[in-house]
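Accompanying notes for the structure given below.
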Ligand SMILES: C[S@@+](CC[C@H](N)C(=O)[O-])C[C@H]1O[C@@H](n2cnc3c(N)ncnc32)[C@H](O)[C@@H]1O
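Quick look at the structure:
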């Protein structure tokens, strides 16, 4: 990983903003991810994220914390928070913004236990592909204290396969429709291609049940997105 994402966060945080991140996927053309969105405050967050923050309790793990928006909010509310991310740049920014405990760490290498585990801004993305969902869910379950919870958001991206006539061009022999190849570029530099998984709620629920986690739908968003609570 070249950590293009981290470089962009560092630039924005250090006042060197000149352009946004450009994203694309194997099924969609280029799109802009505004850097300002990665530095959103509570009032600017989608309802799903606000709801997740309201449900937080006890010792919290913020997985894939990015610039630390959710961690900072919870820390200010007096909760004990650990923020982790595989991006060195993201962790540097989260620390500079005031996150007290922030570490470069892959979720699969986390060993402490928590009362609340957050995975937000398409939290299922870190699972990468359908085949890896069980492994991640089992691991996340092992990180929960008694009565602990996982708050995770994602979307059913079936709509991305809809053509102009309202028909669908999904190849039913292909892999699960939420498995995407994700590409990002910033200031002319391209990140190595990543796998990024969007999971519809029913598929997430089934996967949870297979590893002994209860999965409840907390809230639906405005565009096929949802927040789930696993316990
Ligand atoms: C879409 S960003 C979300 C950032 C932040 N949560 C937010 O809402 O602004 C996903 C983040 O997850 C991090 N990430 C991806 N895979 C990860 C993994 N296996 N363990 C920890 N962090 C990961 C990425 O580096 C990135 O910062």
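In full-length UniProt numbering, the protein residues as written are 1 to 231.
For glycine and all other residues, C-beta sits at the position ideal for the given N, C-alpha and C.
Same chain, Cβ closer than 8 angstroms to residue i, neighbours up to 5 away in sequence not counted
i: residue 149; result: 55, 57, 115, 116, 117, 229, 230 and 231
i: residue 214; result: 208, 230 and 231
i: residue 97; result: 13, 67, 68 and 72
Contacts around residue i, its chain only, beta-carbon distance under 7 angstroms, and the 5 residues preceding and following it disregarded
i: residue 159; result: 224
i: residue 87; result: 3, 5 and 6
i: residue 125; result: 196 and 197
Own chain partners of residue i with C-beta closer than 6 angstroms, once the 5 adjacent residues on each side are dropped
i: residue 101; result: 82
i: residue 153; result: 48, 120, 123 and 227
i: residue 21; result: 8, 33, 184 and 186
i: residue 89; result: 3, 6, 7, 9 and 10
i: residue 42; result: 73
i: residue 194; result: 182
Status (buried if at least 16 other CB within 10 Å, exposed otherwise) for residue i
i: residue 69; result: buried
i: residue 62; result: buried
i: residue 155; result: buried
i: residue 52; result: buried
i: residue 212; result: exposed
Straight-line gap, residue i to residue j (C-alpha atoms, nearest Å)
i: residue 145; j: residue 167; result: 46 angstroms
i: residue 108; j: residue 85; result: 11 angstroms
i: residue 25; j: residue 1; result: 17 angstroms
i: residue 232; j: residue 112; result: No answer is possible for residue 232: the residues shown for the chain start at 1 and end at 231.
i: residue 132; j: residue 197; result: 10 angstroms
i: residue 134; j: residue 35; result: 32 angstroms
i: residue 191; j: residue 94; result: 21 angstroms
i: residue 188; j: residue 31; result: 15 angstroms
i: residue 127; j: residue 18; result: 32 angstroms
Per DSSP, the bridge partner or partners of residue i
i: residue 229; result: 151 and 216
i: residue 183; result: 24
i: residue 162; result: 168
i: residue 194; result: 182
i: residue 189; result: 186
i: residue 137; result: Looking at the DSSP assignment, residue 137 forms no beta bridge with any residue, so it has no partner.
Minimum Cβ-Cβ distance from residue i to chain B less than 8 angstroms
i: residue 23; result: Protein chain content of the structure displayed is limited to a single chain, and chain B is not contained in it.
Which parts of the region 56-129 are runs of the beta strand (DSSP E), unbroken and 3 residues or longer, counting only runs that do not cross its ends?
60-63, 81-85, 102-104 and 114-119
Start-end ranges of the alpha helix (DSSP H) lying completely within the region 8-57, minimum 4 residues:
47-55
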